[in-house]
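If you're matching positions, the sequence shown starts at 7 in the working numbering and goes up one per residue.
For reference, the structure discussed in these notes is given below.
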Amino acid sequence: MNAPTFSVATPTRNALDKLRRCVGSVRGQQGASFEHLVQDACSSDGSAAWLAAQQGPQLQGVSEPDGGMYDAINRAWGRARGRYLSWLNADEQYLPGTLARVQAFFEAHPQVDVIFADYLVADPQGRAVALRREIPLRRWYVVNSFLNAQSCTLFYRRELWDRGLLKLDSRFRYAADKALVLHLLDHGVRFHHLPEVLSVFGVDGSNLSTHSGMAQEAEAIRLAHGGFRWRPLRAAALAGRRLERLWRGAYRATDLRYRYALDEVPHYADYAVRGLGGRYSLQDTEGRAERLPTMAPPPAPGPAGPTETTT
7 MNAPTFSVAT PTRNALDKLR RCVGSVRGQQ GASFEHLVQD ACSSDGSAAW LAAQQGPQLQ
67 GVSEPDGGMY DAINRAWGRA RGRYLSWLNA DEQYLPGTLA RVQAFFEAHP QVDVIFADYL
127 VADPQGRAVA LRREIPLRRW YVVNSFLNAQ SCTLFYRREL WDRGLLKLDS RFRYAADKAL
187 VLHLLDHGVR FHHLPEVLSV FGVDGSNLST HSGMAQEAEA IRLAHGGFRW RPLRAAALAG
247 RRLERLWRGA YRATDLRYRY ALDEVPHYAD YAVRGLGGRY SLQDTEGRAE RLPTMAPPPA
307 PGPAGPTETT T
C-alpha cells in the first residue's frame, strides 16, 4: 500500500459528536491523500465501537489508555506513514481544500519545515465567532507572550519526527504545543505563515486553554526558554505583537462564506457572516454566522478557505 501524503492525528475522549464532524472534515478533503489516526482514550460514549465501524485505509482508530492528550498525539504520530504530519483536536475541522493547499505549498517551498495559517473560531454549531489572522512567528513574542500558531493550522514535515524533534512533552497537560514550537525554533526549524484560512477552532467554554494550569505551565516554559523575568518587558513583547497584528491588518472586519462539516459522511452546512473581526474570548460560545438554506456540492480541489470580502 502506498504511503499517504498526510497523517492527521486526533486525540479524543468522550467527544463522539464532535469527533464525527472532525472526521468528516478530514474525509471530505480532495486533491491529497491522507490517513486519519484517531487515538481514543478508552471513551465511554461509544467512540470505540463507532471507530471500529469506520475503520479503513483513510481512518484508523485505536482505543487504549494514554497519558493525556499529548501522549495520545505522540502515539498516533508513531504510527504515521505520511510525508507531512499534523494534529486536529476532536472539536476542530479542516476547511475544504486545506490538505491540497498545504501539499502544494510544501512542494513549491522545500526550504520550509513547518506551515501555520489563519483560522476561524466557531461555536459548537459551527457559527463563526472570530477570524484569526496571524503574523509570522517571532521567538521573543512566543516565549514572553503566547503561541500565535494554532495547532489546528500547523503542518510539519515528517523529517522532524524522524530526527527526534517533533515529539510533544507529555509532562505538560495544557501547553506542550508552545514548548514544542520553542524547541523547534531553538533547533533552527524554519516556520512559514500562510496567510489563508485553513481550519476551524471550536470554542465551547471547556477548552484546555481556559484551565488555570495553562498559566502555570506557560510560566514554567517561559523561564526554561530564557524569557523575560521583568514584567514590563513581557508587556512590551505583548504590545509589540499587537502592533504588528494591527500593521498587518489582522483586526480588519471581513464578510465571509464558509462550509462546516456536520457529520462523518460528510454533509456540510454553508454559513455566511458579515463584519467578522479577530477579537474573541474563550467564553464566547455563541457565534453569529447565518446558516444558508442550501448546501452546495463539495468544492473541487484548490485553494482552501472561505470566500471573503473586506468591509
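The C-beta atom is built at its ideal place from N, Cα and C for all residues, glycine as well.
Of all C-beta pairs linking the region 180-199 to the region 219-236, three or more are shorter than 8 Å, placing the two stretches in contact. For L249, the three-state secondary structure derived from DSSP is helix. Straight-line spacing of the CA atoms in R248 and G67 works out to 40 Å. Cβ neighbours of Y76 within its own chain (closer than 6 Å, five residues either side excluded): L174, S176 and A182. Per the DSSP secondary-structure output, R138 pairs in a beta bridge with Y125. The Cβ atoms of L94 and C28 lie closer than 8 Å to each other. Unbroken alpha helix (DSSP H) runs of no fewer than 4 residues, entirely contained in the region 21-83, are found at 22-33 and 53-60, following chain order.
Per the DSSP secondary-structure output, H199 pairs in a beta bridge with F122.
Between the alpha carbons of Y162 and A38 lies a distance of about 15 Å. With 16 or more other CB atoms across the displayed protein chains lying within 10 angstroms of its CB, N154 is buried.
Rounded to whole angstroms, the separation of the alpha carbons of S287 and V127 is 10 Å. Taken through DSSP and simplified to helix, strand or coil, G219 comes out as helix. Judged by DSSP secondary structure, T16 falls within the beta strand (DSSP E) whose first and last residues are F12 to T18. Taking the Cβ atoms as the reference, F40 lies roughly 14 Å from Q60, outside the contact range of under 8 Å.
Going by C-alpha positions, L200 is about 6 Å away from F122.
Here the region 225-237 makes no contact with the region 249-261; the two share fewer than three CB pairs at distances below 8 Å. In this structure, V14 lies near L43, with their beta-carbon atoms less than 8 Å apart. Residue state for R228 is assigned as helix, using DSSP reduced to three classes. Residue environment analysis places P102 among the buried positions, since at least 16 neighbouring C-beta atoms fall within 10 angstroms of its C-beta. Close CB contacts of G284 within its chain, under the 7 Å cut and outside five residues either way in sequence, are with A136, L137, R138, R139, A256 and Y257 (chain order).
Here T260 is not near S205, since their CB atoms are 8 Å or more apart.
Checking the DSSP bridge columns, you'll see V279 partnered with L262.
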